[in-house]
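Quick note on numbering: numbering that gives the first Met the number 0 labels position 28 of the sequence shown as 27, and the sequence is numbered without any gaps.
Idealized CB from N, CA, C, for every residue including glycine.
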Amino acid sequence: MIATWTDRSTQPSVRRRSEMNAGPRTRLIESAIELVREQGVHGAGLAALLERGNASRNSLYQHFPSGKGELMVAATEVAGARMSALLDRITAAGAPRQWPAALTGWWRKNLERSAFGAGCPIVGAALAESEPEVQAAAAAAFTEWTGRIAKALADQGIPAAQARSYASFAISALEGAIVQARALKSTEPLDAVETQLTALLAQVRPATPVNPVLTDADEAHRLGR
0 MIATWTDRST
10 QPSVRRRSEM
20 NAGPRTRLIE
30 SAIELVREQG
40 VHGAGLAALL
50 ERGNASRNSL
60 YQHFPSGKGE
70 LMVAATEVAG
80 ARMSALLDRI
90 TAAGAPRQWP
100 AALTGWWRKN
110 LERSAFGAGC
120 PIVGAALAES
130 EPEVQAAAAA
140 AFTEWTGRIA
150 KALADQGIPA
160 AQARSYASFA
170 ISALEGAIVQ
180 ARALKSTEPL
190 DAVETQLTAL
200 LAQVRPATPV
210 NPVLTDADEA
220 HRLGR
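Right, dumping it as structure tokens:
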């Protein structure tokens, strides 16, 4: 399971080696994800992006010819893919009732690690109204997450419509809780979301199989024996 949005080790020595080995394109993307988490797309200035990414202006335009906007689209796509991978690991590792705790637990650690100073980069991208391509990348990420959760539930036998509705609500509730948690400097909103999402899952029932397998006892009962 990835530890942070930028997928870096929490050990300083390991993190420094990783940063030194990464190329300028990767460093720029990582710095963009971090800054958008903290300040949003518009707050992430070009100078700060270059400084944190330890990259030159020439490197930026070499890898992202259109400049900051193109970098932000790439960063949003990378961040979205990382959360998709996390969702896949969570839904593959346990029963559905365990998924809300795993996801909110991951977010608690990320928020606490940043002292509630860094949130979800996809939300930051979604609010960049003057950057339609960045917003579109954020919308694609939300759609992808919803689809992955819905598919995982459908694979558990949950009717498709219910699975889709729950998945959409789960993403909306979680993202709202993250925003509240940053403002309140508290993980209580995540606690509430975990409780309610878990309770909702308990009310969602798998569809009845079209051709259920009957045991001998079932067959005897059916025949009135």
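For R96, the three-state DSSP class (helix, strand or coil): helix
Pick helix, strand or coil for A21, following the three-state DSSP scheme. coil
Alpha carbon of I32 to alpha carbon of Q38, nearest angstrom: Computed Cα separation, rounded: 10 Å.
Report yes or no: do three or more beta-carbon pairs, one from the segment 109-117 and one from the segment 162-169, lie closer than 8 Å? Judged by Cβ distances under 8 Å, the segment 109-117 makes no contact with the segment 162-169, as fewer than three pairs qualify.
Can you list, in chain order, the residues of its chain with a C-beta nearer than 7 Å to that of R204? Leave out the 5 residues immediately preceding and following it. none
7 Å CB neighbourhood of E174 in its chain, flanking five on each side removed: C119, V122
What residue range is occupied by the uninterrupted alpha helix (DSSP H) comprising K150? 131-154
At a cut of 8 Å, does the segment 90-97 reach the segment 48-57 through at least three beta carbon pairs? no
Throw me the rounded Cβ distance for the S198 and L189 pair, which I believe falls under 8 Å. Going by the sequence as given, residue 198 is Ala instead of Ser. The pair is not a contact, with the Cβ atoms about 15 Å apart (cut-off 8 Å).
Are the beta-carbon atoms belonging to T75 and A136 less than 8 Å from one another? yes
Cα-Cα, which of R96, A124, A172, W106 is closest to L152? With respect to the C-alpha of L152, the residue from R96, A124, A172, W106 having the closest C-alpha is R96.
Does the Cβ of G79 have 16 or more other Cβ atoms within 10 Å, making it buried, or fewer, making it exposed? buried
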